[in-house]
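> Residue numbers (our numbering): 768 to 1055.
One structure, as C-alpha cells, below. Some questions next.
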Ligand SMILES: NC(=O)c1ccc[n+]([C@@H]2O[C@H](COP(=O)([O-])OP(=O)(O)OC[C@H]3O[C@@H](n4cnc5c(N)ncnc54)[C@H](OP(=O)(O)O)[C@@H]3O)[C@@H](O)[C@H]2O)c1
C-alpha cells in the first residue's frame, strides 16, 4: 500500500514512519510539505500523492496553548482534521485518525469504553472531539484511535522532562490527582500497523496496559534512573495550569484485545525500554 503519514515529524508520526517503512510505501508529510488548515493545498497535495491509506497524526498538542488560543486549536485539530479526511475521501483512501483520552471529563471511576459519552474539559479536548466528528463525517469507514499520555524519542514528553528536572535536585513535585495510561509511541505505532492491515474501523482505544498517576509515573522513572531525588505529590490545583485535565482517563482496551488478540505491554516495561534505549552507552544517571 501507499501509506501517507500526516504529522510525520511529530512524536508519533516519526516512529510510525519508521515502523511502516519496511511494510509499505510510506510518504511522510508535515508542516513543511503542507499545512492541513489550508484546504486547496491539502486537497491538491493529497491528490498528487494518491495514497491508498492516510494516517493523520498531525495536531496542535500544546494543551495549555490551545486553552489560550481556541481559534488555532480548532483550525488545526478540528477543521484541519476535516480537510485531511475530506481529501482522503476524495482519493478513495482509507483513513486512520488519532485522538485522545482528553475527550473525556475523567469523572468516571472505571475505564472508558469506546462508546462512553465524551465530555471534554479543555479547548484541546473539544477541538480533538470535533476532529473525530469531522473524520467520521467525511470518512464513515475510518478508524479513530484514542490514545493517551504519549512518550517517545521524537517529541517533548514527560519521561524526558522528569530525567531533566530530577538530575541534581533533592526533590521535585508532581501531581498525584490525575490518573492515566502512559503509552510508548513505538508500541502505538506497532498497533497502528496491525490495525491498518486488518482494516479495523470505528473508534478504538489504544494505550499501553496498566495505569498510574503522574506522581507514580515520575517515581518509577526516578527509580529506574537510580538517582536520589524525592518525588513529592502535589495537587493539580497547586500547580495551576491554564487547561483543566481529566482526573481519571483510563481507556478500556477490551476492544483492542478482541481486534488484535492481545493488549499492549505494561507501561512500566515500555518506559524502562525507552529510558534504556535513549541513554548514551556508558552513561550513568548517577553522575548527572
Ligand atoms: N502527546 C500526547 O501525550 C498525546 C496523547 C493523546 C493523544 N495524542 C494525539 O496523538 C497524535 C500525535 O501526537 P504527538 O504527540 O505525536 O504530536 P506532536 O509531536 O505535536 O506532532 C504533531 C505534528 O503535527 C504537525 N502539525 C501541527 N499543525 C500542523 C498543520 N497545521 N499542518 C501540518 N502539520 C501540522 C506538527 O508540526 P509542528 O511541530 O511544526 O507544529 C507535528 O510535527 C495527535 O493527534 C495527538 O492529539 C497525543
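Virtual Cβ for every residue (Gly too), placed ideally from N, Cα, C.
Identify the residues that DSSP records as bridge partners of residue 938: which are they?
Beta-bridge pairing links residue 938 to 997.
> Check for me: the beta strand (DSSP E) holding residue 769 runs from which residue to which?
Segment 769-773, the beta strand (DSSP E) holding residue 769.
> Cβ-heavy atom distance between residue 916 and ligand 1 below 7 angstroms?
Yes, the Cβ of residue 916 comes within 7 angstroms of a heavy atom of ligand 1.
> Are the stretch 819-830 and the stretch 854-874 in contact at 8 angstroms, needing three or more beta carbon pairs?
The stretch 819-830 is in contact with the stretch 854-874.
> Indicate, with yes or no, if ligand 1 has a heavy atom lying under 7 angstroms from the CB of residue 824.
Residue 824: yes, Cβ under 7 angstroms from ligand 1.
> Would residue 960 and residue 779 qualify as a contact pair, given that the criterion is a beta-carbon distance under 8 angstroms?
Taking 8 angstroms as the Cβ cut-off, residue 960 and residue 779 do not qualify as a contacting pair.
> Straight-line CA distance for residue 1032 to residue 868?
Straight-line Cα distance between these residues: approximately 19 angstroms.
> Just curious, the alpha helix (DSSP H) that residue 837 is in, first and last residue?
Start and end: 837-841.
> Can you give the Cα-Cα distance for residue 854 and residue 809, rounded to whole angstroms?
In a straight line, the C-alpha of residue 854 is about 7 angstroms away from that of residue 809.
> Pick out whichever of 839, 803, 873, 885 has its Cα sitting closest to the Cα of residue 852.
That would be 803, whose Cα lies nearest to the Cα of residue 852.
> Is residue 1042 near residue 926, with beta carbons less than 8 angstroms apart?
Yes.
> Please state if the CB of residue 1010 and the CB of residue 882 are separated by a distance shorter than 8 angstroms.
Going by C-beta atoms, residue 882 is not nearer than 8 angstroms to residue 1010.
> What number of angstroms, rounded off, separates the C-alpha of residue 1055 from the C-alpha of residue 794?
Note that residue 1055 scores a pLDDT of 35, beneath 50, so its modelled location is shaky; the value from the coordinates is reported in the next line. Their Cα atoms are separated by approximately 39 angstroms.
> Curious, which full-length alpha helix (DSSP H) runs of at least 4 residues does the stretch 954-1002 contain?
The stretch 954-1002 contains these whole alpha helix (DSSP H) runs: 981-992.
> For residue 912 and residue 866, which I take to be in contact (beta-carbon distance under 8 angstroms), what is that distance rounded to the nearest angstrom?
Right, their Cβ atoms sit about 7 angstroms apart.
> May I have the straight-line CA-CA distance separating residue 917 from residue 815, to the nearest angstrom?
Distance between the alpha carbons of residue 917 and residue 815: 32 angstroms.
> Taking just the CA atoms, how far does residue 1024 sit from residue 937?
Cα-Cα distance, rounded: 42 angstroms.
> If you pair each beta-carbon of the stretch 842-850 with each one of the stretch 879-898, do three or more pairs fall below 8 angstroms?
Touching, yes.
> Any idea if residue 972 is buried or exposed, counting beta-carbon neighbours within 10 angstroms, 16 or more meaning buried?
Buried, since its Cβ has 16 or more Cβ neighbours within 10 Å.
> Can we count residue 928 as close to ligand 1, meaning its CB is less than 7 angstroms from some heavy atom?
False, no ligand heavy atom lies under 7 angstroms from that Cβ.
> Short check: CB of residue 1021 to CB of residue 982, under 8 angstroms?
The answer is no: Cβ separation not under 8 angstroms.
> If the criterion is Cβ atoms closer than 8 angstroms, does the pair residue 908 and residue 1014 meet it?
No.
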